[in-house]
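J.: Structure below; questions to follow.
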Ligand SMILES: Cc1cc2nc3c(=O)[nH]c(=O)nc-3n(C[C@H](O)[C@H](O)[C@H](O)COP(=O)(O)OP(=O)(O)OC[C@H]3O[C@@H](n4cnc5c(N)ncnc54)[C@H](O)[C@@H]3O)c2cc1C
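Structure representation (structure tokens):
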């Protein structure tokens with residue numbers, strides 16, 4: 128049975144624990160008994176920099192090397208976690224005191240068919256590498272995250288959603304087949320028709336059932352490198368959800384930005400961006416717009432200021448007053464364009480807005496940020512989200528960025544989706560208010576759960592085990608636990624998140 132952190136070195140670790148120098152020395156000392164090289168010790172962070180852990184880092188290049196690491200872990204009784212691009216906001220790819228398998232070295236595109244749009248990749252291929260390899264042939268990844276630095280396996284393990292969830296479903300819908308190496312030693316090919324239960328459970332299974340070693344995906348045909356975009360302002364959360372619902376039939380992508388700081392009659396105001404693919408023949412020069420160079424995000428702001436340095440001036444605005452100004456400016460700048468104004472934008476420009484300023488998260492240093500994303504049925508969403516905004520403002524910790532999306536249920540076992548909306552809220556973490564922020568999240572959890580809502584592990588750092596037991600039906604948890612026992616009987620696969628949210632459900 129793989130050992131877990133607690134009880135081994137006696138450290139007390141509450142929610143959002145951060146390792147100190149002493150912790151690191153103690154952890155290293157605790158590992159003296161193990162023949163795993165201390166040279167492998169690495170401090171890894173969740174993407175939001177608010178949670179971290181110390182682990183033994185391995186970078187396999189082949190399936191055999193992954194297999195060997197499973198054996199090493201088994202021999203020494205330590206747990207193993209997988210890590211792709213490390214873009215999950217919280218502790219989903221952290222594993223305190225255990226092994227972290229960084230799969231980014233397995234990043235080959237194994238096959239590409241420009242006629243059918245079917246691609247086979249190793250697990251560590253990023254969305255960036257994928258679109259850059261296929262767009263000139265007129266194919267775009269059907270579902271992408273707001274950053275292009277996530278990997279195929281990370282996207283499958285979390286079953287990510289895009290701004291087109293209401294239309295394209297989640298990432299998993301487009302995975303035709305994958306190979307999964309289980310700790311038990313099986314290397315299984317899974318598809319909707321073969322090992323179907325494993326297929327619908329490993330997708331979204333947050334790395335608990337085995338390692339994706341190959342993924343086969345169907346991409347989306349596009350006839351231009353540009354999208355037709357329209358932006359419009361909405362004055363309340365209710366107006367936003369209604370507008371989004373109304374526009375769904377005429378949209379390929381829809382995303383709402385919300386000013387979470389404005390209160391009173393401005394509460395919930397925001398801007399919605401709607402985008403559509405261009406039909407064949409509309410773009411007179413697709414061969415130009417589909418070039419990678421026509422998609423690249425500019426490296427300088429206003430053609431002068433290097434974007435790589437932008438995080439630094441941004442950091443002066445990452446406080447309540449600065450963000451109040453930024454949010455108000457963003458909302459009012461929408462008025463500069465006439466309602467119904469349309470423009471075209473590249474796929475990468477529209478999809479990866481958050482990559483425009485490299486390392487923008489550094490402006491949240493030293494404490495980092497967490498994202499709180501809840502999914503709420505559509506008839507209750509605007510009221511619940513309004514309540515979340517008020518609750519966070521009243522607690523003196525307003526969110527600095529709020530993003531709304533429309534979702535539909537999917538058929539995957541550990542699904543986070545509902546027929547409704549999600550609201551993703553970014554919160555700054557500071558040492559002095561860390562505990563209050565975690566308490567605030569737990570208060571908001573209760574509001575969401577009382578209204579039939581769900582949560583998403585890729586974004587989570589604060590949820591508690593009881594919450595997971597409320598939003599997943601017991602039958603679902605039992606099915607997943609039974610499958611885990613089949614694929615990973617010794618509970619070798621663990622992460623900080625799995626221990627936090629599932630405790631000893633998967634084994635001690
Ligand atoms: C700026 C930003 C924007 C984002 N926007 C969105 C968005 O729009 N929609 C959305 O859904 N998510 C979004 N995310 C979250 C992100 O898409 C997910 O967290 C995704 O899982 C990250 O992929 P990764 O490769 O970085 O995986 P990691 O974060 O490294 O790992 C994620 C999970 O995958 C598991 N895993 C990794 N490799 C394997 C493997 N080979 N086999 C089995 N399991 C494996 C890990 O153990 C972990 O549980 C965003 C994140 C950021 C930072």
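Residue numbers (this note's numbering): 128 to 635.
All C-beta atoms in this analysis are idealised placements derived from N, C-alpha and C, irrespective of residue type, glycine included.
Could you name the residues of the same chain whose beta carbon sits closer than 8 Å to that of residue 387, not counting the 5 residues immediately before and after it, in chain order?
T.: Within the chain shown, the letter at position 260 stands for residue 387. Result list for residue 387: 454, 516, 519, 520, 525, 526, 527, 528, 529 and 552, in chain order.
J.: Which word fits residue 162, buried or exposed, when buried means at least 16 other C-beta atoms lie within 10 angstroms of its C-beta?
T.: Here residue 162 refers to the residue found at position 35 of the chain shown. Note that residue 162 scores a pLDDT of 49, beneath 50, so its modelled location is shaky; the value from the coordinates is reported in the next line. Here residue 162 is exposed, its C-beta having fewer than 16 other C-beta atoms within 10 Å.
J.: Here's the rule I'm using: 16 or more other beta-carbon atoms within 10 Å means buried, otherwise exposed. How should residue 187 be labelled?
T.: Here residue 187 refers to the residue found at position 60 when the chain shown is read from its first residue. Classification of residue 187: buried, given that the 10 Å Cβ count is 16 or more.
J.: Taking 8 Å as the cut-off, does the segment 486–493 touch the segment 174–189 (at least 3 CB pairs, one atom from each stretch)?
T.: Cβ pair count under 8 Å is three or more, so yes.
J.: Any heavy atom of ligand 1 closer than 7 Å to the CB of residue 534?
T.: As a first step, residue 534 must be located in the chain shown, where it is residue number 407. Answer for residue 534: no, Cβ out of range of ligand 1.
J.: Go through the segment 264–289 residue by residue and report every complete run of the alpha helix (DSSP H) that reaches 4 residues or more, in order.
T.: Whole alpha helix (DSSP H) segments, 4+ residues: 279–285.
J.: Buried or exposed: which applies to residue 321, given that a residue is buried once 16 or more other Cβ atoms fall within 10 Å of its Cβ?
T.: As a working note, residue 321 is residue 194 in the chain shown. Classification for residue 321: exposed.
J.: Start and end of the alpha helix (DSSP H) containing residue 254?
T.: What you label residue 254 is simply residue 127 of the chain shown in a count that begins at 1. Residues 254–261.
J.: In the structure shown, what three-state DSSP assignment does residue 633 receive?
T.: As a first step, residue 633 is located in the chain shown; it is residue number 506 there, counting from the start. Assignment of residue 633 by DSSP, reduced to helix, strand and coil, places it in the coil class.
J.: Can you tell me whether residue 203 sits near ligand 1, meaning its C-beta is under 7 Å from at least one heavy atom of the ligand?
T.: Residue numbering aside, residue 203 sits at position 76 when the chain shown is read from its first letter. No, the beta carbon of residue 203 sits no closer than 7 Å to any heavy atom of ligand 1.
J.: What's the C-alpha gap between residue 165 and residue 200?
T.: Locating residue 165 in the chain shown gives position 38, counting from the first residue. Locating residue 200 in the chain shown gives position 73, counting from the first residue. Rounded to the nearest angstrom, the two C-alpha atoms are 15 Å apart.
J.: Please return the same chain residues whose Cβ sits closer than 7 Å to the Cβ of residue 647, not counting the five positions on each side in sequence.
T.: Here the chain has residues from 128 to 635 only, and residue 647 is not among them.
J.: Should the segment 265–274 be regarded as contacting the segment 287–299, the criterion being three or more beta carbon pairs within less than 8 Å?
T.: yes
J.: Do residue 513 and residue 395 have their C-beta atoms closer together than 8 Å?
T.: Reading the chain shown from its first residue, position 386 is the one you call residue 513. Reading the chain shown from its first residue, position 268 is the one you call residue 395. A contact, by the Cβ cut-off of 8 Å.
J.: Rounded to whole angstroms, what is the Cα-Cα separation between residue 160 and residue 224?
T.: Along the chain shown, one-based indexing puts residue 160 at 33. Along the chain shown, one-based indexing puts residue 224 at 97. Unreliable positioning characterises residue 160 in this predicted model, as indicated by a pLDDT of 49, which lies under 50. A coordinate reading is not provided.
J.: Curious, which full-length beta strand (DSSP E) runs of at least 3 residues does the segment 435–486 contain?
T.: You should have 469–473.
J.: Look up residue 574 in the DSSP assignment and say whether it is helix, strand or coil.
T.: Locating residue 574 in the chain shown gives position 447, where the first residue counts as 1. In this structure, residue 574 counts as helix in the three-state DSSP scheme.
J.: Can you give the Cα-Cα distance for residue 241 and residue 413, rounded to whole angstroms?
T.: As a first step, residue 241 must be located in the chain shown, where it is residue number 114. As a first step, residue 413 must be located in the chain shown, where it is residue number 286. Cα-Cα distance, rounded: 16 Å.
J.: So is residue 129 buried or exposed if we call it buried at 16+ other beta carbons inside 10 Å?
T.: Counted from its first residue, the chain shown places residue 129 at position 2. For residue 129, the pLDDT reaches just 49, beneath the cut-off of 50, and the residue's location in the model is therefore unreliable, leaving the point undetermined.
J.: What distance in whole Å lies between the Cβ atoms of residue 212 and residue 253, which are believed to be in contact at a cut-off of 8 Å?
T.: The residue you call residue 253 lines up with position 126 of the chain shown. The residue you call residue 212 lines up with position 85 of the chain shown. At roughly 6 Å, the Cβ-Cβ gap stays under 8 Å, so residue 253 and residue 212 are in contact.
J.: Check whether the Cβ atoms of residue 353 and residue 436 lie closer than 8 Å to each other.
T.: Position 226 of the chain shown, counting from 1, holds the residue named residue 353. Position 309 of the chain shown, counting from 1, holds the residue named residue 436. Not a contact, by the Cβ cut-off of 8 Å.
J.: By the DSSP assignment, the beta strand (DSSP E) with residue 530 in it spans what residues?
T.: Along the chain shown, read from residue 1 onward, the residue named residue 530 stands at position 403. Element bounds for residue 530: 528–534.
J.: Quick one: is residue 143 buried, meaning 16 or more other Cβ sit within 10 Å of its Cβ, or exposed?
T.: By one-based count along the chain shown, residue 143 stands at place 16. Note on residue 143: pLDDT 47, under 50, position unreliable in the model; the coordinate value appears next. So residue 143 counts as buried.
J.: Is any heavy atom in ligand 1 found nearer than 7 Å to the beta carbon of residue 338?
T.: Reading the chain shown from its first residue, position 211 is the one you call residue 338. Residue 338: yes, Cβ under 7 Å from ligand 1.
J.: Run through the DSSP bridge pairs and tell me what residue 411 is partnered with.
T.: Position 284 of the chain shown, counting from 1, holds the residue named residue 411. Partner(s): none; residue 411 has no beta bridge.
J.: Between which residues of its own chain and residue 476 is the CB-CB distance below 7 Å, once the five residues before and five after are set aside?
T.: In the chain shown, counting from the first residue as 1, residue 476 sits at position 349. So the list reads 424, once near-sequence residues are dropped.
J.: Report yes or no: do three or more beta-carbon pairs, one from the segment 337–357 and one from the segment 464–471, lie closer than 8 Å?
T.: With three or more CB-CB distances shorter than 8 Å, the segment 337–357 counts as touching the segment 464–471.
J.: Which two residues bound the contiguous beta strand (DSSP E) that contains residue 558?
T.: Mapped onto the chain shown, residue 558 falls at position 431. Looking at the DSSP string, residue 558 is not in any beta strand (DSSP E), and its letter there is neither H nor E.
J.: If you compare alpha carbons, which of 503, 208, 317 and 407 is closest to residue 578?
T.: Reading the chain shown from its first residue, position 451 is the one you call residue 578. The shortest C-alpha separation from residue 578 is found at 503.
J.: Output the distance between the C-alpha atoms of residue 506 and residue 237, rounded to the nearest integer angstrom.
T.: Along the chain shown, read from residue 1 onward, the residue named residue 506 stands at position 379. Along the chain shown, read from residue 1 onward, the residue named residue 237 stands at position 110. Each residue's alpha carbon lies about 44 Å from the other.
J.: Taking the Cβ atom as the reference point for each residue, do residue 337 and residue 308 lie within a distance shorter than 8 Å?
T.: Looking up residue 337 in the chain shown gives position 210. Looking up residue 308 in the chain shown gives position 181. In this structure, residue 337 sits near residue 308, with a CB-CB distance shorter than 8 Å.
J.: Put residue 355 into one of helix, strand or coil per three-state DSSP.
T.: Here residue 355 refers to the residue found at position 228 of the chain shown. Residue 355 falls in the strand class under three-state DSSP.
J.: Quick check on residue 409: buried or exposed, where buried means 16 or more other Cβ atoms within 10 Å of its Cβ?
T.: Stepping through the chain shown from its first residue, residue 409 is reached at position 282. When all chains shown are included, residue 409 counts as exposed.
J.: According to DSSP, is residue 193 helix, strand or coil?
T.: For the purposes of this step, residue 193 is taken as the residue at position 66 of the chain shown. Residue 193: helix per DSSP, three-state reduction.
J.: Please confirm whether any heavy atom of ligand 1 lies closer than 7 Å to the CB of residue 285.
T.: Translated into the one-based positions of the chain shown, residue 285 becomes position 158. Correct: residue 285 has its Cβ closer than 7 Å to ligand 1.
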